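All remarks here apply to the structure that follows.
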Amino acid sequence: MPAPDQVLVSMSPGETRLALMAADEVVELVVDRGGLATGDAVLGRVVGVNRALDAAFIDIGEARPGFLPGAGKLSEGTAVAVQVAAAARPDKGAALRRAADQPETPAGKPPRRLGGLSPLARLLAGMPALPSVLADDAATLAALRAEFPQAVLDRDCFERLGAAEALDLALDPLVPLADGGRLIIETTAAATVIDIDSGGGAPLAANLAAVPAIARQLRLRAIAGHLLVDAIPLRRRQVLGQVVGALREAVAADPTPTHVMGVTPLGMIELMRERRRPSLAEVMLDPPACRPNPETLALAALRAVLRHADRRPAARPILAAAPAVIAALGRLGAALAETEGRLGRRLELRADPAMERFEVMEG
């Protein structure tokens, strides 16, 4: 795979979208809404202790407390500096460890972040050569240049260079393959299962043709944890070893450690991929329907309002949206306030039960 040579940055109220490019192809996508990421340090407060597990539950400012093994002498109400070992999931709080060089202390007003990298810095960490940085938002360019002076403004880069389309496709459970087959990607609380559909092709050839697409989708979608690949059945189990070997080779280029464990007794290929951040589906979709969640639609609506204001600065935009989207904007008060600050006026919101998404109108 060619080395990454470009990163596209789309910063808008409440959300940062990043696309890492290599030879004009999107290889990695990040959608960050300000949550804690792996490696971030936080001053938290103990809200529960389980002596049987020797573990503590720590308020770190997220919806669910984080889980800290090794509670020791911690007690409820104690402030403690921790580091995120694995980011939170929709159904599970973050996994924590004691922060290095951050001793237990009752000082400060927890929870508060002690340190961590920006989403872009996390994405680019460890790269031998820094790719060029294109940003689509003039209002946030100055802040971006403080960290990455080479960043340049390109207002429609996310759409023009294919990142917006790639993000939409990365939320679809069906992935068409060039040979007429497809992948079907389904994630449960326990594991992600990737089914290979041959489309009528020869089984071994279809399995091998699916391997590069599987490796690409794991990285694009930030799929992590326990994975099972349901390959097309082969007459001889030994032949499946060719597919296992090809998959090991394909995931070797992934900067996130990915291990192909082998074949289960039922003939499925088993993998483990380290969890660095929530997957795109966890951030953007409502299970099990795999539709954009209200927060995703609300933040997209704010982007649409600002684009409308850029095109027609004298107009007074009105945002009409489904009631669930309007309710999500109420929960995203900081993003709505930032949007109104950039507009220089209050944004009128209209809940329309007949709508499924949103529409920007003028008053």
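To convert, take the position in the sequence shown, counting from 1, and add 28; that gives this note's numbering.
For glycine and all other residues, C-beta sits at the position ideal for the given N, C-alpha and C.
Since the model is a prediction, treat every value here as computed from it, not as a measurement.
By the Cβ neighbour-count rule, I86 is buried, with 16 or more other Cβ atoms within 10 Å of its own. Assignment of beta-bridge partners to R140 by DSSP yields L71. Taken through DSSP and simplified to helix, strand or coil, G98 comes out as coil. Between the beta-carbon of V221 and that of V271 there is about 16 Å, and that puts the pair past the 8 Å contact cut. By the CB criterion at 9 Å, E56 and A69 fall outside the cutoff.
A234 and I224 do touch by the CB rule: their CB atoms are close to 7 Å apart, below 8 Å. The residues S40, in chain order, have a CB closer than 7 Å to that of R331 in the same chain once the five nearest residues on each side in sequence are set aside.
For Q178, there is no enclosing beta strand (DSSP E), as DSSP marks it with neither H nor E.
Rounded to whole angstroms, the gap between the alpha carbons of Q111 and V311 is 21 Å.
Beta-carbon to beta-carbon, A309 and L199 are separated by about 6 Å, close enough to satisfy the 8 Å threshold.
Secondary structure at N78: strand, using DSSP grouped into helix, strand and coil. For P118, the CB contacts under 6 Å within the same chain, skipping 5 residues up- and downstream, are E310 in chain order. For D196, the enclosing alpha helix (DSSP H) has its first and last residue at 191-197.
For T367, the enclosing alpha helix (DSSP H) has its first and last residue at 361-371.
In this structure M49 is buried. Its beta-carbon is surrounded by 16 or more other beta-carbon atoms within 10 angstroms. Taking 9 Å as the cut-off, the Cβ atoms of G94 and A65 do not count as close. Leaving aside the five residues that flank R150 on each side, the residues in its chain whose CB is nearer than 7 Å to its CB run, in chain order, A65. Take R61, set aside five residues on each side of it, and the residues of its chain with a beta-carbon closer than 7 Å to its own are G42, E43, V311, in chain order.
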